[in-house]
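Enquirer: Note that the protein sequences, when read in sequence, are chains A and B.
The number in this note's numbering is simply the position in the first sequence, starting from 1, with 1 added.
The number in this note's numbering is simply the position in the second sequence, starting from 1, with 555 added.
Just so it is clear, CB atoms sit at the ideal spot from N, CA and C, and this is done for glycine as well.
The structure follows.
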Amino acid sequence: MDYDLGPIRAIFFEEAAEHLVELEKGLLELEDAPNDKELIARIFRAAHSLKGGAATLGFAEIASLTHAAETILGRIRDGQLAVAGARIDLLLAAGDLVGKLVAVFRDEAGEQPSTLLSVLELLEADAAAPSDVREAGGRQSLRVERGPAHYLINFVPDAGDLLAGNCPLLVLRELSELGVVAELVVDAGRLPPLTAMDPEQSYLGWSLNLATREPATSVRDVFSFVEDRALVEITPLSDTAPPTTFAPPHASTPSPKRESFGGASLNPPRLTVPSAALAAGFPQAAPVQARAVRAPEPTPVAVIVRPQEDKAPAAEAHGNERSPKATTTAAGAATGTAAAAGGSSIRVPTEKVDQLVNLVGELVIAQSMVARALEPNGTIEKAREAASAMGRITQELQERVMKVRMVPIGTVFSRLPRMVRDLAGSLKKELELEIFGEETEMDKALVERVADPLLHLVRNAVDHGVEGPEARAKAGKSGAGRVTVRAFHQGTSIVIEVSDDGNGIDRERLREKAIGAGHIGANAQLNDDELAALVFLPGLSTAKVVTDVSGRGVGMDVVKRNIDELGGTIQVDSRRGVGSTFRLRLPLTLAVIDGQTVCVGSQTFVIPLGAIVASVRPQLGEVRTLPGGGEVVRRRGRMIPVARLHKLLGIPNAMTEPSRALLVVVETGSGELAVLVDQVLGQQSTVVKNLESDYRRVDGVMGATVDAEGGVTLILDVSALARANDAAQGSSGAFAN
Amino acid sequence: MNPTMQTNKHHESSPHSFDDPERHTTFSVANQYLTLMLGDEEYGLPILDVQEIRAFSRLTPLPNAPMSVRGVMNLRGRIVPVVDLRCRFGLELVEYTRFTVIVIVRVGAKIVGVAVDAVADVVDIPSAAVQAASDLGSVADASLIRGVARIEERVVVLLRLEAIVAEGASAISSY
C-alpha cells in the first residue's frame with residue numbers, strides 16, 4: 002500500500018530534533034551521574050525513538066547509528082559498560098551525525114557526512130566491546146556464562162496500529178534480532194471474513210518463544226512503541242532470566258480485546274491462558290502455562306498496557322514519559338542540534354489554544370451584543386457596554402496571542418553545556434557552567450536570533466575570560482573556571498548575562514590595540530567603562546593567542562551589531578582579576594513596542610520609547626553647525642549630533658528652526674543622537690508590522706504600525722538614523738540607496 | 556497586423572470557429588482582463604492577478620522610495636506598497652481624487668496596490684487577439700507592456716504586471 006509519508010516524515014524530523022536535544026542533554030548529565038538509571042533510561046528512550054522512527058521511514062543510516070548507540074546505552078544500563086568520557090564523546094558524535102543526517106534527509110540536499118562510516122564502525126566496535134566495568138565483574142561473568150533466557154511473548158497489536166504508523170512486522174523483526182525465535186504461532190482467530198476485512202486494520206496476534214541473551218528489559222523495549230495500545234505479555238520461562246519488575250497493571254475491568262484474546266485467539270495445546278484469570282487481571286492471575294516449552298513454573302510478568310481508557314496510569318506505571326499532554330519545553334526545538342533552515346513552527350500547548358478559542362467565542366458574543374444594541378430598540382448605553390466588553394476581550398486576546406509566540410530561552414541555553422564541554426576539552430581548561438532562568442520566556446523570533454550572539458559570548462568567556470589552570474592557581478582561584486549564564490525579565494525587557502570569574506578585560510592592552518587600529522587617538526581620555534566598551538569595536542581582540550575558538554577579533558563587534566539589530570543593547574562590566582559580565586538587554590518581543598508618536602511636516606512617525614532619553618526644546622542658537630555642515634547640541638556637558646528628520650527622510654514643510662521645534666534625544670547604541678522633530682504627540686504600544694513582506698526593507702525604518710484611523714505610521718530605527726546622519730554629514734540625500 | 560483580431564465581449568464567437576486550439580480557452584477566466592483608465596488610455600491586467608479593487612485611502616509616504624511608489628496603505632493589517640501607474644509610465648501626475656482607485660494585485664507572494672484613475676471593464680481577450688509588444692517595435696516598451704489588443708473600437712494595452720510593480724519596489728524583482 003502506498004502511503005503518503007510526507008506528514009509522517011515531517012513529524013519525524015521535528016521529533017528527531019527533540020530526541021537529539023534530549024539525548025545530548027542526557028549524555029552530558031550522565032557524565033556527572035553515571036549511576037542514574039532513570040537518566041540512562043531516558044537517553045535510551047530518546048535513542049530508541051529515533052531508531053524506531055528512522056527504521057519505519059527507511060532512513061537506514063540513522064537507524065543503524067542509533068541502533069549501535071542504543072546497544073551501548075543498553076549495556077551501560079545493564080552495568081556491562083562503564084560511563085567513560087570517550088564513550089560519551091562517541092555517543093555525542095553519533096548524535097551530531099544523526100542531526101546532520103536528519104538535515105540531509107529533511108532537505109533532500111547535501112551529502113551524507115563523511116564521518117558516517119568511521120563513527121558507525123567505532124560505535125559498533127564499542128557496542129560489542131567486552132565489559133569494562135570492574136566492580137561489577139563477578140556479576141558480569143555469571144551473566145556471560147549463562148545460557149539464553151527463554152521468554153514467552155504474546156503480542157496482539159491494536160487493530161488501528163497500522164494507521165498509527167506502527168507495523169507489527171517491525172516489532173517481530175526486532176524481536177528476532179534479539180535472539181532465536183524458537184516457535185511462533187499466529188493467531189488468526191480475529192480475522193473477519195474477506196468481505197468484512199479492512200486492509201488498514203491489523204487482525205493478527207502472535208505468540209512466540211524467544212531465546213535470547215539480551216536482558217528482559219531489551220525484550221520489553223521492543224514493544225515500547227506499541228505497548229500503549231497493544232496487548233503485550235512477556236513471561237520469562239527459565240529461572241536463569243532475572244524476573245523483570247514491571248509495575249502490575251491496576252485496572253481490573255476486562256476489556257473486550259483481552260477477552261477475545263484469552264478466549265479464542267490462542268492455540269490451546271501450546272499456551273493456555275485462562276480468560277477468567279486474565280480478566281481478573283495480573284498479578285492475581287494464575288501463572289501462564291506453557292506446556293510445549295518445558296520450563297519451570299513461569300513467573301507471570303506482564304507488560305499489559307490497557308487499551309485507551311487506562312492509558313495514562315499505565316504509562317506512568319512504566320515510567321514512560323510519552324504522556325499525551327502538550328509540551329512547551331521543546332517549543333524551540335527547531336533551534337536545537339538538528340535545526341537550521343526550514344519553515345519555523347511553534348508548538349503551542351493545547352491549553353493556550355483552548356484559552357484563545359474561548360476568548361474568540363466571547364468575542365463573537367460581544368460582537369452580537371454590539372449588533373443588537375445598534376438595532377432600533379437598542380440604547381446607546383447598551384452599545385457602550387457591549388463595546389467596552391469587546392474592547393476588554395480584544396485586549397486579552399492580543400495579549401494571549403502574543404504569548405503564543407513566547408518560548409522559553411532554555412531552548413538556546415540547552416546548547417551551552419555541550420559547547421562548553423567541548424571547548425573545555427580542546428582548551429584544556431576546567432570549567433563549570435551554571436545556568437539560571439532557562440524558563441524565562443521571550444519571542445520565538447528573538448530566541449532564534451539571539452542564539453548566535455549568546456553562543457559567541459559564552460565561547461568568549463570560556464576562551465578569553467577564564468584563565469588556564471596554572472594562571473588560576475597563581476591567582477589563588479579554584480581550579481575550575483566558572484561561567485554563569487542567567488536570564489531574567491526586567492520590565493518589558495529580557496536580560497541575559499554571561500559572566501566569568503576570569504581575569505577581566507585588559508584595558509591597557511585594549512587601549513593600545515584601539516590606538517593601533519586607529520579607533521581612538523593616542524591621547525584619548527577614556528574612563529574604565531569606555532575602555533571596556535572598546536571590546537565591541539571591530540578588529541580588536543585582546544587574546545594573545547589566536548585559537549580556533551576565538552581571538553581573531555571578529556566577533557564582539559558582530560555580536561553587538563546583531564544585538565543592535567534586535568533593538569537591544571549590550572554592556573560589559575569587567576574587573577581586572579575578578580571577571581567580566583556581558584549583559585544583553587533585549588525587548589521581550591519584536592511584535593509589540595511602546596512608541597512615542599512624533600510629527601514632522603504633515604507626517605507622523607513612531608520612535609521606540611525604549612530608545613528615548615529625553616525631549617528638549619533647544620534655545621535659539623543652541624544647535625551649532627560644525628564646519629562641514631554637521632550639527633551638534635550640548636547635552637550634559639557633551640556635544641551630541643543632531644539629526645534633522647525632515648532632511649533625512651525628505652519631508653517637506655517641516656519646522657526648520659530648532660528653537661521652535663523639539664529635539665528627541667535617543668540612545669542609538671553607539672551614543673546619543675538628538676532627532677529634530679516638529680512636536681511630540683502621544684505614547685502608545687504598537688503592533689509592529691514589517692514592510693519587507695510586501696515591499697522591502699526601508700533604511701531608517703524598522704517597521705510600520707496601523708494607527709487609530711486605520712492608516713499606516715512608520716516606526717523609526719534610531720540606530721539606522723544615526724548611521725545615515727553620520728554618512729550624510731549635513732548634506733541632503735541621507736540614505737545612499 | 557492580425558486580421559483575426561476581434562472582440563469576444565459579447566461572447567458571440569464560438570470556440571469552434573477557430574482552428575487554433577489555444578482559442579478554445581476563449582471563455583475561460585484566464586483570458587479575462589480588468590481594464591483601467593489613465594486619462595483616455597485603457598490598460599488591461601489579467602483578472603486572475605487582481606485581488607480586489609479599493610477606493611483611494613490615505614497613503615503614508617516612504618522615505619527615499621522611488622517616485623512611483625507613492626506610499627504604503629493598510630490592507631486589513633497588511634502593509635502594502637502602492638505604485639502610481641501614471642508615474643510608472645512617466646505620464647503627467649494628477650491629484651488623487653475620490654474617483655482614484657487602487658487595484659490590489661498579487662505578484663508572487665507579495666501584494667501590491669496600483670493607483671489608477673478609474674477601472675473600466677472586464678473583457679475577454681483571446682491570446683490570438685493580442686499583438687505582442689515586440690511586434691510594435693520601439694514605440695512600445697516591451698518590458699512594461701505585453702501587447703496590444705483591439706476590442707471593437709477600443710484599444711487595450713495589456714500590462715506586464717510583474718515589471719510594473721517590480722521596478723517600483725526593487726525587492727519584488729526577485730519574482
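Using a 10 Å radius around the Cβ and a threshold of 16 neighbouring Cβ atoms, would you call residue 639/B buried or exposed?
Expert: Residue 639/B is buried by the Cβ-count criterion.
Enquirer: If you run the structure through DSSP and keep just helix, strand and coil, what is residue 673/A?
Expert: Of the three classes helix, strand and coil, the one that applies to residue 673/A here is strand, per DSSP.
Enquirer: Measuring alpha carbon to alpha carbon, tell me which residue in 44/A, 53/A, 56/A, 110/A is nearest residue 92/A.
Expert: Closest by alpha carbon: 44/A.
Enquirer: Quick check: what's the CA-CA separation for residue 719/B versus residue 699/B?
Expert: Looking at the two C-alpha atoms, the distance is approximately 6 Å.
Enquirer: Got a sec? Which residues, its chain only, sit under 6 Å from residue 67/A by beta carbon, not counting five neighbours each side?
Expert: For residue 67/A, where only same-chain residues beyond five positions count, the Cβ hits under 6 Å are 48, 51, 52.
Enquirer: Between which two residues does the alpha helix (DSSP H) containing residue 234/A stretch?
Expert: It is not in any alpha helix (DSSP H) - residue 234/A instead sits in the beta strand (DSSP E) that spans 232–237.
Enquirer: Taking only beta-carbon atoms, is residue 667/B less than 8 Å away from chain A?
Expert: For residue 667/B, the answer is yes, since a Cβ of chain A falls inside 8 Å of its Cβ.
Enquirer: Any C-beta of chain B within less than 7 Å: which residues of the stretch 708–722 of chain A qualify?
Expert: Per Cβ criterion, the list reads 711, 712, 713, 714, 715.
Enquirer: Spatial neighbours of residue 533/A within its chain, please: CB distance less than 6 Å, with the 5 preceding and 5 following residues excluded, ordered by chain position.
Expert: 506, 573, 575.
Enquirer: Express the C-alpha separation of residue 644/B and residue 527/A in angstroms, rounding to a whole number.
Expert: About 57 Å.
Enquirer: Could you check what DSSP says for residue 391/A in three-state terms: helix, strand or coil?
Expert: Helix at residue 391/A.
Enquirer: Could you name the residues of chain A that residue 618/B contacts, counting a contact when the two beta carbons are closer than 9 Å?
Expert: Within chain A, the residues near residue 618/B are 649, 650, 651, 652, 699, 700, 701, 702, 715, 735, 736.
Enquirer: What residues in its chain sit with their C-beta under 6 Å from that of residue 699/A, if we drop five residues either side in the sequence?
Expert: Excluding residues within five positions, the ones whose Cβ falls inside 6 Å are 692.
Enquirer: Does the Cβ of residue 694/A have 16 or more other Cβ atoms within 10 Å, making it buried, or fewer, making it exposed?
Expert: It is exposed - the Cβ of residue 694/A has fewer than 16 other Cβ atoms within 10 Å.
Enquirer: Please list the partners that residue 398/A has in chain B, where partner means a Cβ-to-Cβ separation under 9 Å.
Expert: Those within 9 Å of residue 398/A in chain B number zero; the least Cβ separation is about 14 Å.
Enquirer: Helix, strand or coil for residue 200/A? Go by DSSP, reduced to three states.
Expert: Coil.
Enquirer: Mapping DSSP to helix, strand and coil, what is residue 464/A?
Expert: DSSP places residue 464/A in helix when its eight states are reduced to three.
Enquirer: Select from the stretch 634–648 of chain B all residues with a C-beta closer than 9 Å to any C-beta belonging to chain A, and list them in chain order.
Expert: Here the close residues are 634, 635, 636.
Enquirer: Quick one: what's got a C-beta closer than 7 Å to residue 709/B's C-beta in the same chain, skipping five residues either side?
Expert: For residue 709/B, where only same-chain residues beyond five positions count, the Cβ hits under 7 Å are 597.
Enquirer: For a contact defined as C-beta to C-beta under 8 Å, what are the partners of residue 615/B on chain A?
Expert: Under the 8 Å cutoff, chain A gives 604, 705, 712, 713, 714, 715.
Enquirer: Can you name the residues of chain B whose CB is closer than 8 Å to the CB of residue 690/A?
Expert: In chain order: 632, 633, 634.
Enquirer: So, are the CB atoms of residue 590/A and residue 406/A less than 8 Å apart?
Expert: It is a contact, given that the beta carbons lie within the stated cut-off.
Enquirer: Once DSSP output is grouped into helix, strand and coil, what is the label at residue 665/B?
Expert: Residue state, collapsed to three classes: strand.
Enquirer: State the Cα-Cα distance for the pair residue 60/A and residue 432/A, rounded to the nearest angstrom.
Expert: So the alpha carbons of these two residues sit roughly 38 Å apart.
Enquirer: If we call anything under 8 Å between Cβ atoms a contact, is residue 1/A one with residue 107/A?
Expert: Since the first residue of chain A shown is 2 and the last is 738, residue 1/A is not available in this structure.
Enquirer: Going by beta-carbon coordinates alone, are residue 602/A and residue 588/A separated by less than 8 Å?
Expert: The answer is no: Cβ separation not under 8 Å.
Enquirer: Do you know offhand how far residue 585/B's Cα is from residue 685/B's?
Expert: Each residue's alpha carbon lies about 14 Å from the other.
Enquirer: Against residue 628/B, what residues of chain A qualify as contacts under a CB-to-CB distance less than 8 Å, listed in chain order?
Expert: Going along chain A in sequence order, the residues near residue 628/B (Cβ under 8 Å) are 712, 713.
Enquirer: Measuring CA to CA, which of 450/A, 438/A, 446/A, 430/A is closest to residue 473/A?
Expert: Closest by alpha carbon: 430/A.
Enquirer: On the DSSP bridge assignment, give the partners of residue 68/A in chain order.
Expert: DSSP, once it has assigned bridges, lists no residue as partnering residue 68/A.
Enquirer: Taking three-plus beta-carbon pairs below 8 Å as touching, is the stretch 605–620 of chain B in contact with the stretch 667–682 of chain A?
Expert: Short answer: they don't touch.
Enquirer: Counting only the same chain and skipping the five closest in sequence on each side, list residues whose C-beta sits under 6 Å from that of residue 468/A.
Expert: Excluding sequence neighbours, residue 468/A sits near 503, 504.
Enquirer: So which residues of chain B does residue 727/A contact, with C-beta pairs closer than 7 Å?
Expert: Those within 7 Å of residue 727/A in chain B number zero; the least Cβ separation is about 16 Å.
Enquirer: How big is the Cα-Cα spacing for residue 86/A and residue 101/A?
Expert: Using only the alpha carbons, I get a separation of about 22 Å.
Enquirer: Residues in its own chain within less than 8 Å of residue 438/A by CB, not counting five upstream and five downstream?
Expert: Correct list, in chain order: 410, 487, 488, 489.
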